[in-house]
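In the working numbering, the protein residues as written are 10 to 75.
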């Protein structure tokens, strides 16, 4: 490996030329736990239905006005 290229597990900011692992809001180690997102499909589906209902009612109201 060339001296310019750092390994993937080294947190090096090329713009500032510093190691900034302590500043990151997430763990940066090789053995760090996997970052997962919570399952929000039911929440998304509920809100999509609410928005669709609101848009449809506004569209129907505009159709009646014309």
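Each residue gets a CB set at the ideal place from its N, CA and C atoms; glycine is no exception.
Based on the DSSP secondary-structure assignment, which residues constitute the bridge partners of residue 22? Paired residue(s): 27.
What is the rounded straight-line gap between the Cα of residue 54 and the Cα of residue 61? 10 Å
Quick one: Cα of residue 19 to Cα of residue 30, how far? Distance between the alpha carbons of residue 19 and residue 30 is about 8 Å.
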